[in-house]
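Okay, so here's the structure we're looking at.
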Amino acid sequence: MKKWRNGMLVALVWCLGSTGIEAQSLMINEVLASNSSFDYDDFFQFEDWIEIYNGGGILNLEGYHLSDDPDTLDKWMFPSTNPGLTTILPGGHLRIWCDDDEQQGEDHTNFKLSGDGETVFLVEPDGFTIVDSITFGLAQTDISYGRACDGCSDWIYFNVPTPDATNALINLPVSTLFINEYQPSNGATVFDENFNFSPWIEVFNPNDYQVNLSGYQVELNGVSHAFNNNEPWKTTIEAGEFQIFWMDGAVELGSNHIAIEPQSSGTMRLIGYDDTVVDEIDYDHSIGLDASSGRSTDGSPMWTTFNTPTPRVTNALQIIEPAQVVINEVQSDNFISYADPAGEFEDWIELHNPTSLPIDIAGYFVTDRLDRPMKWQVPATAGDSTIIAPGGFLVLFADEDGSQGWNHMNFKLSSQGEPIALRSPDGFSVADSVFMPSVMQDRSWGRQFDAHPNWVEFFIPTPNATNGANNVVELESASLMCFPNPVRAYGDVTFNQAVDIYDMQGRLVQSMAAAGVWNANLTAGTYAVVAVRQTGVPGSVTKLQIQ
């Protein structure tokens with residue numbers, strides 16, 4: 061009888077479809093945009109997913125759509141041939157795999173989710189009426205973003221995702237962690253995302269799993285700071301890795317800034333969410349400028365002073381000097397200009413060997429995150445393909461699709477601009493770095509000539525080929541850079557040359573006589589930044605957004 065009743069239920073929903081059913085109770089409930097090891101699909105692959113929740117009556121999603129493109133809201137359609145899949149009971153959940161692999165089943169979409177953040181849409185069968193949407197930011201591996209409870213309006217991050225189940229926070233056991241290194245006086249060692257040199261502490265995770273410090277506290281001389289869960293990509297420490305936190309009191313700058321500004325020596329503690337003391341050290345505020353104090357080896361009880369600090373890397377660092385290889389050209393918005401071997405137009409980074417000897421980049425690291433210097437590593441298993449011939453080039457695709465080959469990295473580039481760094485196999489020594497500004501679609505940002513210090517915008521990109529000045533859009537305009545952009549009001553902006561700043565009425569509001577850091581002490585809005593040449597004549601122009 062039970063089997064017959066379930067069959068009748070599906071048949072009833074099949075006949076009704078979505079006609080007359082309140083779609084307003086249907087919503088996107090949870091998203092996992094970077095699934096590395098949490099759970100796998102029927103093909104044992106760890107894929108991104110979206111969970112739908114039904115807070116109303118029985119509903120068949122036949123004909124509904126999911127999309128990550130506001131210009132193509134009908135990008136993927138729920139099938140009309142499988143009511144057992146598309147039917148959601150009252151209070152039920154439905155998880156859809158977002159892996160761009162429809163051949164694996166009717167619950168697999170034709171798009172992937174971006175780990176850099178995007179907006180996803182649930183759309184009615186008409187293909188344009190949006191039932192629900194959610195915008196998520198940078199994704200931390202294996203941490204999902206979902207409603208605080210099924211159907212709630214508040215969204216939070218889940219250290220333990222809950223696909224096909226009720227949304228609820230699950231506390232993990234407090235983990236073994238170490239305060240591994242600290243620097244009380246940072247004059248020029250390492251800067252934060254706003255190019256400020258501030259005191260810092262480094263926390264080491266010796267476990268074989270990642271740990272999010274959400275709910276943990278750090279305490280110094282009775283002053284404490286509790287880590288929030290607003291930006292898990294800043295508070296999560298990968299397995300066996302390190303993370304630094306800025307002791308500058310500027311918590312408004314992000315979850316990796318703590319409300320402690322050290323003024324004296326004392327006792328520092330790392331405390332779990334259950335008030336367990338995870339680690340305790342003697343903090344010495346008298347260490348000299350640009351020196352640090354750290355464990356002699358990671359997690360060791362023995363401490364020493366480092367004249368060369370090792371933020372975000374092992375304290376037992378063996379310096380590996382990088383070869384003379386450079387980042388030569390970058391494209392962050394590739395629509396039709398250069399296809400990868402699979403015929404897809406992806407972001408890319410071109411490396412160049414300007415020497416007379418071959419260079420093997422196996423083991424090198426590439427990143428677009430200042431706080432994750434070892435984000436992607438060139439594999440050591442790719443044979444001779446990682447060798448760049450004398451005067452040669454090598455293109456790395458930034459498409460988050462390692463299944464397409466060793467030279468496909470685990471991140472995409474932001475078309476709004478971001479930093480890019482190439483590091484030696486020690487994960488610390490920088491071979492080359494560049495801040496890539498926002499450029500127009502199908503143009504690239506590259507050195508004026510191969511290995512040349514000047515960077516320009518190219519009208520015609522030159523991947524795997526020599527750079528030249530013949531197709532430069534405008535050398536003068538491309539040379540002006542400001543970072544970060546947008547910037548928060550009263551935040552710091554770095555300009556690479558002298559500038560005048562105008563409001564949108566054309567009034568001069570600020571001037572900088574030389575390159576350097578400027579405090580954005582203006583009302584929120586859009587401003588024109590004009591480069592001032594040595595002659596005093598206005599040069600290139602860019603827009604600065606103050607939020």
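Sequential numbering of the sequence shown, starting at 61, is according to our numbering.
By construction, the Cβ of each residue, glycine as well, lies at the ideal position given by its N, Cα and C atoms.
Chain-order list of residues whose beta-carbon lies under 8 angstroms from that of residue i (same chain, five-residue window excluded)
i: Ile347; result: Gln243, Pro244, Ser245, Ser353, Thr365
i: Ala286; result: Gly275, Tyr276, Gln277
i: Asn240; result: Glu262, Val263, Phe264, Phe302, Gly354, Arg355, Asp358, Gly359, Asn375
i: Gln607; result: Pro546, Val547, Arg548, Ala549, Ala584
i: Ala228; result: Cys209, Thr222
i: Asp459; result: Asp400, Glu404, Glu406, Asp407, His468, Met469, Lys472
i: Val311; result: His285, His317, Ile318, Ala319
i: Asp556; result: Note that residue 556 is Asn in the sequence shown, not Asp. Ser539, Leu540, Met541, Cys542, Ala575, listed in sequence order.
i: Ile380; result: Ser484, Pro485, Asp486, Ser489
Spatial neighbours of residue i in its chain, beta-carbon cut-off 7 angstroms, leaving aside the 5 residues before and after
i: Thr602; result: Leu540, Cys542, Val589
i: Asp510; result: Asn388, His412, Pro414, Thr526, Asn527
i: Ser475; result: Ser392, Asp393, Ser498
i: Gln605; result: Asn545, Pro546, Thr586
i: Leu417; result: Pro450
i: Thr146; result: Asn120, Leu121, Glu122, Phe138, Pro139
i: Asp334; result: Val234
i: Ala574; result: Ala558
i: Ala402; result: Gln464
i: Phe255; result: Asp552, Thr554, Val577
Collapsed DSSP secondary structure at residue i in the structure displayed
i: Glu291; result: coil
i: Ser352; result: strand
i: Asp252; result: coil
i: Asp400; result: coil
i: Thr427; result: strand
i: Glu178; result: strand
i: Thr327; result: strand
i: Gln437; result: strand
i: Val311; result: helix
i: Gly247; result: coil
i: Glu25; result: Outside the shown range of the chain, which is 61 to 607, sits residue 25, and nothing can be said about it.
i: Asp459; result: strand
i: Ser258; result: coil
i: Gln605; result: strand
i: Asp492; result: strand
i: Pro143; result: helix
i: Thr132; result: coil
i: Thr415; result: coil
i: Asp444; result: helix
i: Ser85; result: helix
Own chain partners of residue i with C-beta closer than 6 angstroms, once the 5 adjacent residues on each side are dropped
i: Leu173; result: Ala93, Asp108, Cys158
i: Arg329; result: Glu279, Val337, Glu340
i: Gly177; result: Phe196, Gly197, Leu198
i: Glu534; result: Interpretation of Glu534 is limited by its pLDDT of 42, a score under 50 that renders its predicted location unreliable; no figure is taken from the coordinates.
i: His345; result: Pro244, Pro322, Ser324, Ser325
i: Glu111; result: Asn89, Glu90, His153, Arg155, Pro223
i: Val250; result: Pro371
i: Ala383; result: Ile419
i: Asp461; result: His468
i: Met434; result: Phe425, Gly487
i: Trp466; result: Pro439, Ala442
Those residues which DSSP pairs with residue i across a bridge
i: Gly206; result: Glu90, Ile216
i: Gly506; result: Glu389, Val516
i: His345; result: Its beta-bridge partners do not exist; DSSP assigns none.
i: Phe264; result: Phe238, Phe302
i: Asp49; result: Shown here, the chain extends from 61 to 607; a query on residue 49 therefore has no answer.
i: Ser127; result: Phe181
i: Ile118; result: DSSP output for Ile118 lists no bridge partner at all.
i: Thr284; result: Correcting the residue type first, residue 284 is Ser in the shown sequence and not Thr. In DSSP, Ser284 forms a bridge with Glu279.
(Q) Does the contact criterion of 3 or more C-beta pairs under 8 angstroms hold for the stretch 315-332 versus the stretch 202-222? (A) no
Q. If you pair each beta-carbon of the stretch 267-274 with each one of the stretch 388-405, do three or more pairs fall below 8 angstroms?
A. no
Q.
Whether or not the stretch 468-487 and the stretch 423-443 are in contact is what I'm after, with contact meaning three or more pairs of Cβ atoms, one per stretch, closer than 8 angstroms; do they touch?
A. yes
Q: Please go through the stretch 546-587 and give each complete beta strand (DSSP E) segment of 3 or more residues, from N-terminal end onward.
A: 552-555, 559-562, 568-572, 576-579
Q: Taking 8 angstroms as the threshold, find out whether the stretch 218-238 comes into contact with the stretch 118-135 through three or more Cβ pairs.
A: no
(Q) Using 8 angstroms as the cut-off, can you tell me whether the stretch 155-170 makes contact with the stretch 95-104, which would need three or more C-beta pairs spanning the two stretches below that distance? (A) yes
Q. Is the stretch 200-207 touching the stretch 305-313 in the sense that three or more CB pairs, one from each, lie closer than 8 angstroms?
A. no
Q.
Check whether the stretch 403-411 and the stretch 435-444 touch, using three or more Cβ-Cβ pairs below 8 angstroms as the test.
A. no
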